[in-house]
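**Q** Protein sequences appear in the order of chains A and B.
So in full-length UniProt numbering, the last one in the first sequence is 470, and the numbering has no gaps at all.
So in full-length UniProt numbering, the last one in the second sequence is 487, and the numbering has no gaps at all.
Beta carbons are placed, not taken as given, at the ideal position from N, Cα and C, and that holds for glycine.
Please read these numbers as outputs of a predicted model, since none were measured by experiment.
Have a look at the structure that comes next, please.
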Amino acid sequence: MTATTADARPPELRLPKRRGVELSLLTGAVIISVYGYTAVGLARSGAVPPDVLGYGAGLGLLSLLAHLAVRFRAPYADPLLLPIAVLLNGLGLVLIYRLDLETPKDQAATTQLVWSTLGVAFFIAVVVLLRDHRVLQRYAYLSVATALVLMIVPIFFPAVNGAKIWIRAGGLSFQPGEFAKILLAVFFAAYLAANRNALAYTGRRIWKLQLPTGRVLGPIVAIWLISVGVLVLERDLGTSLLFFGLFVIMLYVATGRTGWIAVGLLLAAAGAFVVGSFEPHVHSRVEDWLNPFATIEAGQGPSQLAQSLFAFAAGGMLGTGLGLGHSVLIGFAAKSDFILATAGEELGLAGLTAVFLLYALLVARGYRAGLALRDPFGRLLAVGLASILALQVFVIAGGVTGLIPLTGMAMPFLAQGGSSVVTNWIIVALLIRVSDVARTPRPGQAEGDVIAPVVEEDAPDPGRLGGAGR
Amino acid sequence: MIRCIRRAAAFCLLLLVALLVNAARIQLFEASSLDDNPANRRNTIARYDQARGDILVGDEPVTGSEDTGEQLAHERTYRHGPLYAPVTGYASQTYGTSLLENAEDDVLNGTASVLAPLPLWGDITRSRQPGGNVVTTVKASVQRAAYEGLAGRRGAAVALDPATGAILALVSSPSYDPQRLSGTGPSVTGAWAELNAAASRPMLNRAIRQTYPPGSAFKIVTAAAALDAGVVTDPDAATDTPSPYVLPGTTTTLPDEARGCEEASLAEAIRVSCNTVMAHLGVQVGLDGMLEAAGRFGFNDDGLRIPSGVSRSNFDSDMSDDQLAQSSIGQFDTTATPLQMAMVASAVANGGELRRPHLVDRITDHDGRTVRREGSDEYREAMEPSTARQLQRMMVDVVENGTGTRAAIDGVRVGGKTGTAQHGVDNTGTPYAWFISWAQDPGSGDPAVAVAVVVEDAAAKRADVSGGGNAAPIARAVMEAALGGAE
């Protein structure tokens, strides 16, 4: 099961590692990004951008280094994860570069490229240095302590655009809350893995809900409440929603209790109603969501959400083409929160669907690694990390398309934002690591890269055993 | 745990489906209504993305287009802005368009179907061709003569070609430079506010959008009605009109400023501008006859377009006889645009046949190929040809021996009629000075130009205002320019 016992494997058994597939997909991802970059230049000035070779070479070099790290340190990792990340990051750079052309005073693409490089560096570092994800389990409490410190520190820094979620030092600013996502997922996974039986089978039973004892449930609820409380103080509602969803999903997966989902949904609905009704900042966003054209009717011009909807509508089925849309009309946050509108306008529903499917594939691959793993911590970690991506994409994409009220969050890889890019690269690195473990053949196992879940090591299904302890 | 992970994954799939369905809703099903939302600037940006076509006077464009490199790329520029503002109007990124810029907007911005090589297909795809040009009927020399004649005084001047209805000059004074409204930003909003607040109302197109009491200039209409109706058979025969004349059904007397109006003939009444004779003739023609005659000249037509809309000139349809008497000399509720009065002169000059006034000669595409030509349509038969000949003679007499001598041009046959219109409460306002006229080169068979000038000069002394004194010299300058250009 572990890497050390793999040495006992018969040498003649060759297992598919799919590194060649990964390399060709990476080549495709880089080519698509360079093509997009060229398309923007041709559309805007009728000429190929002068730095297109630099961009292509840079992206290619980063991809190659990341690929080499995976090839030598995580040879059995899922071959789809890295190419998807490179493609999304490359597309994000194209979109930011394209929006930079409209805002000469606010250039972001170069900074984003620097942060992306840093993100890939972190990716390589994690893949190379972290030989086994289970090591993280030991640092659960250190993780949560760091997460809380990171989240609390921005309170002492001035607010930016109404939210106190940034730390500014020198010319750089970053959002510690982004990093806290990973640390919190690690802590949840470790704690729930260690205590899941106690959570599932002890304590009093109220109606259909098996309520765990306070001693077991207490710490994790406390951590979660502190996190969300801090975020509400900082007005980072998107992230607090994300943490809430993450907590509920991981609790459900760990305990198998559907009741948790119900409780979670009830709490979320109640919380959303209370916050939406009484917190003015949120209240206005809910109002805006319910009637995005109210400001137009009031003669105050279109709201950001209305502008975003206009942009999506202008894209239609096939889009206006890269560089030919007017999503810059959205104004503030067009490169960060609303970058998806540019994708929607210039790539159309077809391109937007492709982007959504890329995210879906990334999430699905994370879940698949979770299914294939046998240690509960690894499973919970994989599910947690994949869920972070899924929830984040849903909350921000749902927000800018008017499906749910808008909460400021960064579209993973696409949006301008250094901490976000770095964090997402670390998430992908961790998924690479767990997928490598999940797909590494175990001794005596038949050839094949799909590893069937091994039930005997897992907890007995609580649904079938009727809540009996082990 | 396996089952829970699968369920969590299914939940994520559900979120994905929700996103896709919602995106399809916005991008496909609600797209057109969102595109057409007036707050959506994309249509505006597309509109200004290309240079606007030009408005031409003769061969010279009087407009231009400048690429500012801003979001709304092309801004309108104007050459001789104030001179041609009553013709072109403005094309503002902030305030929209007016006059020709408005009436021919689809040509100028390239969406007109006549510009598309495949019109039906163009309508379907809503494609945009390079902007077409609008060639006006205006003659630069005539326009300039009228503009300089008014010299910034409040008023208007219109010159028509009687044979075609082509508008040779359309001047409103004081004017403004439409370029001040072209772009966006505080300078434009400031200019807009200033122009709208100005007491002289420079953006008012007095030539086609302002009506004035026509005063004695209207007597031409009354004379035409009397001759056509047979009330007067011999213009030189004495009429049985006392001076002063007691308005029918009242004890109010209508005086004459001119002498010799007692039982004066129609010709004499026109020459020296007798109120009494014309008021009496109007009553003799009767309300129905007068209404019909005025209507044949274009009064009470609220659908006249040149192609910009022209304000309705009014002749009341329900009046007592004393009101009819006053209306017959262009007072009471009778009002007319300067264009309307130019049409009156034009009808006389053209032998009674009134051509439809028009400002656009032809539409060309971006490369200058004509894609549409405006016809010279008959508008109405304003009077009998014999009536027109008699009126021509009477109007010539006005210029040669009557109130309009200052409009005379050496060696040219000129006919005219003065007007000094009372207005204001109890007629206390400074009167409007009118002059309508036409001119005919000796060598040609038909008059070449018909003109109407109105001057509302609040600064002048009340007693000094007269159609013959204030308006006739301007009309003469305009006619000279028109005749000079014809040679």
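Should residue 363 of chain A be flagged as near chain B, meaning a C-beta pair shorter than 9 Å?
**A** Numbered from 1 along the first sequence, position 363 holds the residue referred to as residue 363 of chain A. Closer than 9 Å: yes.
**Q** Under 7 Å Cβ to Cβ from residue 364 of chain B, same chain only, skipping five residues before and after it: list those, please.
**A** Here residue 364 of chain B is taken as the residue at index 364 of the second sequence, counted from 1. Once the five neighbours on either side are set aside, the close Cβ partners of residue 364 of chain B are 132, 133, 135, 370 and 371.
**Q** Suppose the cutoff is 6 Å on Cβ atoms and the five residues either side in sequence are ignored; what does the same chain contact list for residue 115 of chain B look like?
**A** The count along the second sequence starts at 1 and reaches residue 115 of chain B at position 115. Answer for residue 115 of chain B: 129, 132 and 365, listed in chain order.
**Q** If you measure between the beta carbons of residue 437 of chain B and residue 476 of chain B, is that distance less than 9 Å?
**A** Residue mapping note: residue 437 of chain B aligns to position 437 of the second sequence, counting from 1. Residue mapping note: residue 476 of chain B aligns to position 476 of the second sequence, counting from 1. With respect to residue 476 of chain B, residue 437 of chain B sits close: the two C-beta atoms are nearer than 9 Å.
**Q** Are the beta-carbon atoms belonging to residue 74 of chain B and residue 54 of chain B less than 9 Å from one another?
**A** Along the second sequence, read from residue 1 onward, the residue named residue 74 of chain B stands at position 74. Along the second sequence, read from residue 1 onward, the residue named residue 54 of chain B stands at position 54. No. Outside cutoff.
**Q** Report back the beta-carbon spacing between residue 189 of chain B and residue 243 of chain B to the nearest angstrom; my notes put them in contact at under 8 Å.
**A** One-based indexing of the second sequence puts residue 189 of chain B at position 189. One-based indexing of the second sequence puts residue 243 of chain B at position 243. Between residue 243 of chain B and residue 189 of chain B the Cβ distance is about 57 Å, and since that is not below 8 Å, they are no contact.
**Q** Give every residue of the same chain whose Cβ lies closer than 6 Å to the Cβ of residue 448 of chain A, excluding the five residues on either side of it in the sequence, and list them in chain order.
**A** Here residue 448 of chain A corresponds to residue number 448 of the first sequence, with the count starting at 1. The predicted position of residue 448 of chain A is uncertain, since its pLDDT is 48 and thus under 50; a value taken from the coordinates is nonetheless stated next. The answer is none, since no qualifying residue turns up.
**Q** Taking the alpha carbon of residue 61 of chain A as the point to measure from, which residue in A:38, A:253 and A:117 has its own alpha carbon closest?
**A** Within the first sequence, residue 61 of chain A is the residue found at index 61, counting from 1. Per the Cα distances, A:117.
**Q** Would you tell me roughly how many angstroms separate the C-alpha atoms of residue 437 of chain A and residue 18 of chain A, rounded to the nearest one?
**A** On the first sequence, position 437 is the one that residue 437 of chain A refers to. On the first sequence, position 18 is the one that residue 18 of chain A refers to. Distance between the alpha carbons of residue 437 of chain A and residue 18 of chain A: 14 Å.
**Q** Residue 249 of chain A CB to nearest chain B CB: under 9 Å?
**A** Numbered from its first residue, the first sequence carries residue 249 of chain A at position 249. Output row for residue 249 of chain A: interface = yes.
**Q** Can you tell me which of the three DSSP states residue 155 of chain A falls into?
**A** Residue numbering aside, residue 155 of chain A sits at position 155 when the first sequence is read from its first letter. Residue 155 of chain A falls in the helix class under three-state DSSP.
**Q** Using the beta-carbon count (16 or more within 10 Å), is residue 328 of chain B buried or exposed?
**A** Locating residue 328 of chain B in the second sequence gives position 328, where the first residue counts as 1. By the 10 Å Cβ count, residue 328 of chain B comes out buried.
**Q** Return yes when the C-beta of residue 387 of chain B is under 8 Å from any heavy atom of the ligand ADP, and no when it is not.
**A** In the structure shown, the ligand ADP is absent, as is every other ligand, since no ligand is present at all.
**Q** Just how far apart, CA to CA, sit residue 493 of chain B and residue 361 of chain B?
**A** With chain B covering only 1 through 487, there is no way to say anything about residue 493 of chain B.
**Q** Quick check on residue 42 of chain B: does DSSP put it in helix, strand or coil?
**A** Position 42 of the second sequence, counted from the first residue, corresponds to residue 42 of chain B. Helix, per DSSP.
**Q** Would you kindly check if the distance between the Cβ of residue 47 of chain A and the Cβ of residue 41 of chain A is under 9 Å?
**A** Position 41 of the first sequence, counted from the first residue, corresponds to residue 41 of chain A. Position 47 of the first sequence, counted from the first residue, corresponds to residue 47 of chain A. In contact: residue 41 of chain A and residue 47 of chain A (Cβ atoms closer than 9 Å).
**Q** Can you tell me whether residue 448 of chain A is helix, strand or coil according to DSSP?
**A** Here residue 448 of chain A refers to the residue found at position 448 of the first sequence. Here residue 448 of chain A scores only 48 on pLDDT, less than 50, and its place in the model should not be relied on; the value that follows carries that caveat. Correct three-state label for residue 448 of chain A: coil.
**Q** Report the rounded CA-to-CA distance for residue 447 of chain B versus residue 441 of chain B, giving the unit in angstroms.
**A** To locate residue 447 of chain B, count along the second sequence from 1; it is residue 447. To locate residue 441 of chain B, count along the second sequence from 1; it is residue 441. One C-alpha to the other measures close to 7 Å.
**Q** How would you list, in chain order, the residues of chain B whose beta-carbon sits under 8 Å from the beta-carbon of residue 352 of chain A?
**A** Here residue 352 of chain A refers to the residue found at position 352 of the first sequence. Those within 8 Å of residue 352 of chain A in chain B are 23 and 27.
**Q** Taking the beta strand (DSSP E) that residue 440 of chain B belongs to, which residues open and close that run?
**A** Position 440 of the second sequence, counted from the first residue, corresponds to residue 440 of chain B. Run containing residue 440 of chain B: 432 to 440, per the beta strand (DSSP E) assignment.
**Q** For residue 74 of chain B, which three-state DSSP category applies?
**A** Counted from its first residue, the second sequence places residue 74 of chain B at position 74. DSSP places residue 74 of chain B in strand when its eight states are reduced to three.
**Q** Counting contacts by CB-CB distance shorter than 9 Å, is residue 487 of chain B in contact with chain A?
**A** As a first step, residue 487 of chain B is located in the second sequence; it is residue number 487 there, counting from the start. Reliability fails at residue 487 of chain B, whose pLDDT of 41 lies under 50, so the model's placement of it is uncertain and the value that follows must be treated cautiously. For residue 487 of chain B, the answer is no, since every Cβ of chain A falls outside 9 Å of its Cβ.
**Q** Got a sec? Which residues, its chain only, sit under 6 Å from residue 346 of chain B by beta carbon, not counting five neighbours each side?
**A** Position 346 of the second sequence holds residue 346 of chain B. Closer than 6 Å at the Cβ level, and outside the excluded window around residue 346 of chain B, lie 160, 162 and 450.
**Q** Per the contact definition of three or more C-beta pairs closer than 8 Å, is the segment 363 to 377 of chain A in contact with the segment 32 to 46 of chain B?
**A** Contact fails: fewer than three Cβ-Cβ distances are below 8 Å.
**Q** Checking 9 Å against the spacing of the C-beta atoms, do residue 58 of chain A and residue 130 of chain A come in under that value?
**A** Taking the first sequence and counting its residues from 1, one reaches residue 58 of chain A at position 58. Taking the first sequence and counting its residues from 1, one reaches residue 130 of chain A at position 130. Cβ atoms of residue 58 of chain A and residue 130 of chain A: not closer than 9 Å.
**Q** Taking C-beta to C-beta, are residue 416 of chain A and residue 96 of chain A nearer than 9 Å?
**A** Position 416 of the first sequence, counted from the start, is the residue given in the question as residue 416 of chain A. Position 96 of the first sequence, counted from the start, is the residue given in the question as residue 96 of chain A. In this structure, residue 96 of chain A lies closer than 9 Å to residue 416 of chain A by Cβ.
**Q** Taking only beta-carbon positions, decide if residue 3 of chain B is within less than 9 Å of chain A.
**A** In the second sequence, counting from the first residue as 1, residue 3 of chain B sits at position 3. Yes, contact with chain A.
**Q** Would you mind reading off the limits of the alpha helix (DSSP H) that contains residue 389 of chain B?
**A** Counted from its first residue, the second sequence places residue 389 of chain B at position 389. Unbroken alpha helix (DSSP H) run through residue 389 of chain B: 385 to 401.
**Q** Would you report the Cα separation of residue 251 of chain A and residue 38 of chain A, rounded to the nearest angstrom?
**A** As a position in the first sequence, residue 251 of chain A is number 251, starting the count at 1. As a position in the first sequence, residue 38 of chain A is number 38, starting the count at 1. Each residue's alpha carbon lies about 46 Å from the other.
**Q** Please list the terminal residues of the continuous alpha helix (DSSP H) segment that includes residue 181 of chain A.
**A** The residue you call residue 181 of chain A lines up with position 181 of the first sequence. It spans 176 to 201 - the alpha helix (DSSP H) in which residue 181 of chain A sits, taken as one unbroken run.
**Q** Please report the straight-line C-alpha distance between residue 268 of chain B and residue 300 of chain B, rounded to a whole angstrom.
**A** The residue labelled residue 268 of chain B in the question sits at position 268 within the second sequence. The residue labelled residue 300 of chain B in the question sits at position 300 within the second sequence. Taking the straight line from one Cα to the other gives about 29 Å.
**Q** Could you check which residue in B:455, B:382 and B:97 has the C-alpha nearest to that of residue 291 of chain B?
**A** Locating residue 291 of chain B in the second sequence gives position 291, where the first residue counts as 1. With distances taken between Cα atoms, residue 291 of chain B lies closest to B:382.
**Q** Report the rounded CA-to-CA distance for residue 103 of chain A versus residue 169 of chain B, giving the unit in angstroms.
**A** On the first sequence, position 103 is the one that residue 103 of chain A refers to. On the second sequence, position 169 is the one that residue 169 of chain B refers to. Spanning the two alpha carbons is a distance of roughly 47 Å.
**Q** Looking at the structure shown, is residue 258 of chain B part of a helix, part of a strand, or coil, going by DSSP?
**A** Counting from one through the second sequence, the residue named residue 258 of chain B turns up at place 258. Of the three classes helix, strand and coil, the one that applies to residue 258 of chain B here is coil, per DSSP.
**Q** How far does the beta strand (DSSP E) with residue 416 of chain B in it extend, from its first residue to its last?
**A** In the second sequence, residue 416 of chain B corresponds to position 416, counting from 1. Taken as a continuous stretch (DSSP letters only), the beta strand (DSSP E) holding residue 416 of chain B covers 413 to 421.
**Q** Secondary structure at residue 113 of chain A, three-state DSSP: helix, strand or coil?
**A** What you label residue 113 of chain A is simply residue 113 of the first sequence in a count that begins at 1. In the structure shown, residue 113 of chain A sits in a helix (DSSP, three-state: H, G or I).
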